[in-house]
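**Q** In my numbering, the protein residues as written are 817 to 1724. Handing you a structure now.
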């Protein structure tokens, strides 16, 4: 997919437009926009997010354009603009400053008149309660002092404080839809007009018949209703801004300027210029000062420093960086000046991709949210119908004497006639139903939790691509691991080396010769041996290699020299001081061969040339060397552990072997144990041979192995598990894993993996650590649990409060006044958002030093600082009644529907 302009992405299948939509008040607005868009030809998909005030529209560029889509949304009564790409405007869209200012103003206007309204209402209520014999004083015919004051206080709020509700309601009704504004506007308008009409009727009756009576009115309802709802909206948008804080924090890390260093033809720096990061090219050399952010991804070109990568990986400890090390844009250079060479710029940087993934995640919808939006689409019309029914039913029940006790209480307290009391009661309950019904809580239940959950995940190095993966991840009962690069390090490493008997070669000399011989090899094992030799000998340069010849599948042959010069500079004795070079030279002279050459560099130094063979058993036998039974046994012992033993022969003699292996990640056994503790079965799925796969599985504690599986067959294995009713998560990192990642219910890609694997996955782990798989599943469970709590609260709230507002408890003299209903409604929205914000307290399990002994008895290094999870996470998960059968303390096996164990190969 390519970016063509602000907010517009294009690929072969069409275009995607990202919009910022203002003026949405509840899920009814979301449903109205999505329905309107999907009715138009050329629009393939539309997703609107209330919590982020954003929309994502996929369309056929040949049938409809961005301008048409913007006009459709505007015609639906909403303010819309193309989403910006620059960081500053993105942050401005996330802080909701305009909405916060608007609703704060509305609240303050309502408060100025609302407090006196409450005072007048309460004052007259207490006065008449203490003086029941005093008649209400009418300044004008039919108009009491109380009603006059309430009218004067109510009118400014009705037309000034509530103007935003009326504008929103007018736009919605003009487009034949209904939203939260319609309910509030109807409630306040009915209360205000009813009160004005009833006072006018009283004035007419007083003038014509001389009956001095001032009716009970609802002038106190609009000020208090608008005051409470405006307060709720103000606090709601402030809370929304906090739910987007993680995304805003990530966006703020993106730099706008960089220091470009230019060099002359001889490689000397000639200038340093400050330019926009948008003008950077791959390969540019950038200067990074201490305390500044690294603008783009790159490698250290020159210098040494420490970099704070906490915002990307979640790890608080700074990381040492030297020449050749990779750095990530947005991280902070802490100490020395460094030069970096840009490798990814613009939208290709790691930080830009993280921001894009989080934005898409917060715009996408969980399945439960689609249900909520559908309900909200019919919610407001249903509430209006219920309000009218409440009005009619109360008239019927009032005149039938059903509320006789309550009506007698009302008439005795307020001088109301029976007809006036019934009328007041019916309108009061109908208005309360309009006020208390809350589609906002229903609409905010899921998106706010998804926003906070994905934001917290991003800060902790876990990128979850939307609400649907978030909801599915918590259902996972089978985790399938790829081997190479996922459960193992992914690159061969030298595990150990051994000399056969007394050969006259020291370990340092053996490694120096072998490392030099492999320095011309492109085989991964050869590269690993050379790297290991350089590390042990603490030298970037080894000896000289000539007449190099490699035979694929067998080994290599070459001539090596310059070893003595190397050893004189690196060999140390046990005390740590340099040993006498003459001892090394005397050893060399004793082993002179016909190929020996002597050179003079001030002092006589013998330079010996060694004939070297490195490879398998067959390679040695082809060259006339005998592999003894003891050598073969020593090699077999390591090969049974999934390692590769490489033989080394020098000058026609088998000297020793070097053991190379793609080693298990230190955290792998612990991650497997924790997954077992969560009642999740674990399978190793690999294309490697059965012996190596079984050895790795034994070390990690995995009991189910599928080895020698082609990439296409991996997809079939995943399908088999899904057919049996399992929810499968696939964890991988390579191109060959991408089909299986796409097929699995949840694809989890290791962040160090290929771009194809990352694109195919639903969850991306920034750090190459298997314990983040556990953390991703746990975060998903916590977030979905919070969504269910919010959703359940919103449903129960409406189910319980609407009947109470309608007057179902009036037989026991309990009812909600309209202003009380408004307060309860505002509190419901705020409580849902605050509930979602509790996810901000989620902490990725902390690291503690602990020795861990897996099921197979192989200890994990005590140097590994593991997650303090066994104590904290274990009690959360009970034994599930699923298709898993427990075989031991941490062993599980999958069962088919008939109860037959499903294993590709069980580990003994």
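Think of the CB as a built atom: it goes at the ideal place given N, C-alpha and C, for glycine as much as any other residue.
Within the stretch 826-882, note down every full alpha helix (DSSP H) run reaching 4 residues or more, in order along the chain.
**A** With a minimum length of 4 residues, the continuous alpha helix (DSSP H) runs that stay inside the stretch 826-882 are 843-854.
**Q** How far does the beta strand (DSSP E) with residue 1372 in it reach, from first residue to last?
**A** Residue 1372 -> beta strand (DSSP E) spans 1371-1377.
**Q** Alpha carbon to alpha carbon, how far is residue 1497 from residue 1341? Give it in angstroms, no decimals.
**A** Those two C-alpha atoms are separated by around 33 Å.
**Q** Taking the alpha carbon of residue 1800 as the point to measure from, which residue in 1549, 1533 and 1034 has its own alpha carbon closest?
**A** Lying outside 817 to 1724, the shown extent of the chain, residue 1800 is not represented and no answer is given.
**Q** Run through DSSP, which three-state label would residue 1624 get?
**A** DSSP places residue 1624 in coil when its eight states are reduced to three.
**Q** Report the CB separation of residue 1114 from residue 1156 in whole angstroms; it is logged as a contact under 8 Å.
**A** Yes, residue 1114 and residue 1156 are in contact; Cβ-Cβ is about 4 Å, under 8 Å.
**Q** Select from 1466, 1467, 1476 and 1362 the residue whose C-alpha is nearest the C-alpha of residue 1456.
**A** Residue 1476 is the option with its Cα nearest to residue 1456.
**Q** Count the CB pairs spanning the stretch 1294-1303 and the stretch 1597-1606 that are closer than 8 Å, and state whether there are at least three.
**A** No, the stretch 1294-1303 does not touch the stretch 1597-1606.
**Q** Going straight from the alpha carbon of residue 973 to that of residue 1635, what length do you get?
**A** Cα to Cα, the separation comes out at about 14 Å.
**Q** Using a Cβ-Cβ cut-off of 7 Å (strictly less than) and excluding sequence neighbours within five positions of residue 1269, which residues of its own chain qualify?
**A** Taken in chain order, the residues that qualify are 1286, 1595, 1599 and 1655.
**Q** Can we say the stretch 1436-1454 touches the stretch 1480-1489, given the rule of at least three CB pairs closer than 8 Å?
**A** The stretch 1436-1454 vs the stretch 1480-1489: no contact.
**Q** Identify whether residue 1432 lies in helix, strand or coil by the three-state DSSP scheme.
**A** Three-state DSSP puts residue 1432 in coil, outside helix and strand.
**Q** For residue 1505, which residues in the same chain have their Cβ closer than 8 Å to its Cβ, ignoring the five residues on either side in sequence?
**A** Contacts found: 1523 and 1524.
**Q** Taking the beta carbon of residue 937 as the centre, do at least 16 other beta carbons fall within 10 Å, making it buried, or is it exposed?
**A** It counts as buried.
**Q** Quick one: measure Cβ to Cβ for residue 1077 and residue 1085, integer angstroms, because I've assumed they're closer than 8 Å.
**A** So it is a contact: roughly 5 Å between Cβ atoms.
**Q** What does a CB cutoff of less than 6 Å around residue 1295 pick up in its chain, not counting 5 residues either side in sequence?
**A** So the qualifying residues of the chain are 1491, 1496, 1498 and 1545.
**Q** Rounded to whole angstroms, what is the Cα-Cα separation between residue 1540 and residue 1593?
**A** Each residue's alpha carbon lies about 21 Å from the other.
**Q** Taking buried to mean at least 16 other C-beta atoms within 10 Å of its own C-beta, is residue 1685 buried or exposed?
**A** In this prediction, residue 1685 scores a pLDDT of 40, lower than 50, which makes its location untrustworthy; the coordinate-derived value is nonetheless stated afterwards. Looking at its Cβ environment, which holds 16 or more other Cβ atoms inside 10 Å, residue 1685 is buried.
**Q** Any idea if residue 1678 is buried or exposed, counting beta-carbon neighbours within 10 angstroms, 16 or more meaning buried?
**A** Low confidence applies here, because residue 1678 scores a pLDDT of 32, under 50, leaving its location unreliable; read the following figure in that light. That one is exposed.
**Q** Would you give the residue range spanned by the beta strand (DSSP E) that residue 1092 belongs to?
**A** Start and end: 1085-1092.
**Q** When you compare the stretch 1003-1021 with the stretch 848-866, are there three or more beta-carbon pairs, one atom per stretch, that lie closer than 8 Å?
**A** They do not touch, by the three-pair rule.
**Q** Excluding the five sequence neighbours on either side, which residues of its own chain have a C-beta within less than 7 Å of the C-beta of residue 1356, listed in chain order?
**A** Hits under 7 Å: 1350.
**Q** Within the continuous alpha helix (DSSP H) that includes residue 1351, where are the two ends?
**A** Unbroken alpha helix (DSSP H) run through residue 1351: 1340-1353.
**Q** Between which two residues does the beta strand (DSSP E) carrying residue 1079 extend?
**A** Start and end: 1073-1079.
**Q** Need the endpoints of the alpha helix (DSSP H) that residue 986 sits in, please.
**A** Unbroken alpha helix (DSSP H) run through residue 986: 979-990.
**Q** Considering only residues of the same chain and omitting the five flanking positions on each side of residue 835, which have a CB-CB separation below 8 Å?
**A** If we look at residue 835 and ignore the five residues flanking it on each side, its Cβ neighbours are 823, 870, 871, 872, 873, 885, 886, 889, 896, 897, 898 and 899.
**Q** With respect to the alpha helix (DSSP H) encompassing residue 1546, which residues constitute its N-terminal and C-terminal limits?
**A** Not the alpha helix (DSSP H): residue 1546 falls in the beta strand (DSSP E), residues 1544-1548.
**Q** So, using beta-carbon positions, are residue 1587 and residue 1566 closer together than 8 Å?
**A** No, these two residues do not count as a Cβ contact at 8 Å.
**Q** Might you give, ordered along the chain, the residues of its own chain that have their beta carbon closer than 7 Å to the beta carbon of residue 1658, omitting 5 neighbours on each side?
**A** Cβ within range, chain order: 1272, 1595 and 1598.
**Q** By DSSP's criteria, residue 1121 is part of a beta bridge. Which residues make up the other side?
**A** Answer is 1137.
**Q** From the DSSP output, read off the bridge partner residues of residue 999.
**A** Its beta-bridge partners do not exist; DSSP assigns none.
**Q** Does the distance from the C-beta atom of residue 1015 to that of residue 963 stay below 8 Å?
**A** Yes. Within cutoff.
**Q** Reducing DSSP to helix, strand and coil, say where residue 1228 ends up.
**A** Bear in mind that a pLDDT of 47 at residue 1228, under 50, signals an unreliable position, so the number given afterwards is only what the model happens to contain. Note: residue 1228 maps to helix in three-state DSSP.
**Q** On the criterion of 16 or more Cβ atoms from any shown chain inside 10 Å, does residue 1097 qualify as buried, or is it exposed?
**A** Counting Cβ neighbours within 10 Å, residue 1097 comes out exposed, since fewer than 16 surround it.
**Q** Can residue 1047 and residue 1642 be called in contact, C-beta distance under 8 Å?
**A** Yes, they are a contact pair.
**Q** Nearest CA to the CA of residue 1370: which residue from 1343, 1333 and 1437?
**A** Here the closest residue by C-alpha is 1437.
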